[in-house]
Amino acid sequence: MGVANPDAAAQLTVRIAQELGLSGLRIAAVTGDDVRTLIHDESPLHEPSCTVAETGRSILGANAYLGADAIIPALEDDAHVVITGRVADPSLFLAPIMHHFNWTTDDWTRLGAGTLVGHLMECAAQVTGGYFADPGFKSVPNLAYVGFPLAEVSSNGDAVITKLPGTGGLVSTQTVKEQMLYEVHDPSAYLTPDVKADFSSVEISDVGNDRVRVSNAGGTTRPNDLKVTVAFDGGYLAEAEVSYAGPGAVQRATLAGDIVRDRIRNVHGVHLPCRTDLVGLNAIHELEASRDSDIRDVRLRAVLRCNDRKAAEALLWEVEALLCCGPAGGGGYRGQIDPSVLTYSTFLDRKHVSSETEILTV
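Number 259 in full-length UniProt numbering belongs to position 259 of the sequence shown; there are no gaps in the numbering.
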């Protein structure tokens, strides 16, 4: 995907093709997802439930999720490479399937089946053993050389998911089931720009070594609205770390975190949440430090999200100062400040969004 600038990505692709000595290549840039001019102060946002104005933040961009119908014109124009802006993940796979089999944009059952194929393929190795292995429970052979998936699609939308022979990983009914349910809130109504897909009656069967058939997916009329991701200026994200090891490591790291939070608030006057985690102990699950006091190696991570760069710099100063001014035995300091982008969602009637295709040739 070209994301923010498909035209520039297409031009870069032309230059790369020329450097490689290729000729006769047709490169398509698909635009139309940029809907910044359609988002205004009173536009409602979801998660959080407020208007754009109520966020108090500046918009950096707004992009609608286009569907397969935005990609098909490029395929009909014999493009070898298609570069898009924001497009729903399954649509990237559904478009060539529709083009190959001449499916119409209102063939809801087949579109639902094709969307299932796209959904299974969209995260690459997640359906071939990536993000799946759990030693002692779920074994994956040769994961270091995991192969990307292939889909052998039939004209009715049923498909066999497989991978190249000799590659690592595996394709099993379990890897397919896990990926099918990935990021799906309602298997009977998986909403995309193309269709409301129905995975609730899908049949998944093993048909050979690393070969799994998926069938019986369906779909109904596509949503009238398109999802839009609105990006806002999120200020700065400051992050700093330091390690403690040996007896009492957890207690020393806990004290260090207390010091940082105290000084950020009472010395620097930054009245914002300053998060401190002990990585390996409570960064994910907030356990009481005393329950794991025998841990001999722990890393303190302090994080502050703020609009003022001086506040962000203060966090880095305070964590680095722990090396000489904090508990005993601190080391391995690392700190960085990054610009932060916050994203929220809204919806637009699809009639207000249109796509365009430009073909470049080499």
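Every residue gets a Cβ at the ideal spot worked out from N, C-alpha and C, and that includes glycine.
Taking A197 as the centre and dropping the five residues before and after it, the same chain places the C-beta of G112, T115, L116, Y190, A217 and G219 closer than 7 Å to its C-beta, in chain order. Sequence-distant Cβ neighbours of I295 in its own chain, meaning closer than 8 Å and more than five residues away, are A249, V250, G280 and L281.
The continuous beta strand (DSSP E) containing R305 extends over residues D297 to C306. R252 counts as buried, since at least 16 other C-beta atoms from the protein chains shown sit within 10 angstroms of its C-beta. Per DSSP, P149 lies in no alpha helix (DSSP H); the unbroken beta strand (DSSP E) holding it starts and ends at P149 to V153. In the structure shown, the three-state DSSP call for R222 is coil.
From the listed residues P339, L360, Q174 and V319, the smallest Cα separation to E203 is found for Q174. Here F137 is exposed, its C-beta having fewer than 16 other C-beta atoms within 10 Å. The region 330–346 and the region 259–269 do not touch, with fewer than 3 CB-CB distances between them shorter than 8 Å.
In this structure, DSSP gives V52 a helical state, which the three-state scheme calls helix. If you look at T175, you'll find it in the alpha helix (DSSP H) that goes T173 to M180.
I161 sits close to V171, with the two beta carbons spaced by under 8 Å. Between Y244 and L300, the CB-CB gap stays under 8 Å.
DSSP places I59 in the uninterrupted beta strand (DSSP E) bounded by I59 to A64. The beta carbon of P327 lies closer than 6 Å to those of R252, L255 and A256 in the same chain, with the five residues before and after it left out. By the 16-neighbour rule on beta-carbons within 10 angstroms, E239 is buried. By the Cβ test, the region 24–44 is in contact with the region 84–92, since at least three Cβ pairs between them sit closer than 8 Å.
Rounded to whole angstroms, the separation of the alpha carbons of F347 and K310 is 36 Å.
Within a 10 Å sphere around the beta-carbon of W317 sit fewer than 16 other beta-carbons, which makes this residue exposed. Counting of Cβ neighbours within 10 angstroms places A68 among the buried residues, the total reaching 16 or more. Within the same chain, G32, V35, A64 and L226 come within 7 Å of V353 by CB-CB distance, once the 5 residues on both sides are set aside. Membership of V319 in the alpha helix (DSSP H) is indicated by the continuous run R309 to C325. Annotation for D89: E122 place their beta carbon closer than 6 Å to its own, counting only its chain and skipping 5 residues before and after. Straight-line measurement puts the Cα of A125 at about 8 Å from the Cα of Y131. Under the DSSP assignment, I284 falls outside any alpha helix (DSSP H); it carries neither an H nor an E label. Checking the DSSP bridge columns, you'll see C123 has no partner listed. A check of alpha carbon separations from E320 across E286, A283, T221 and G335 identifies G335 as the nearest.
Per DSSP, the continuous alpha helix (DSSP H) segment holding F93 begins and ends at D89 to F101. Note: A238 is bridge-paired with L304 and I337 in the DSSP secondary-structure output. Between L150 and G168, the CB-CB gap reaches or exceeds 8 Å.
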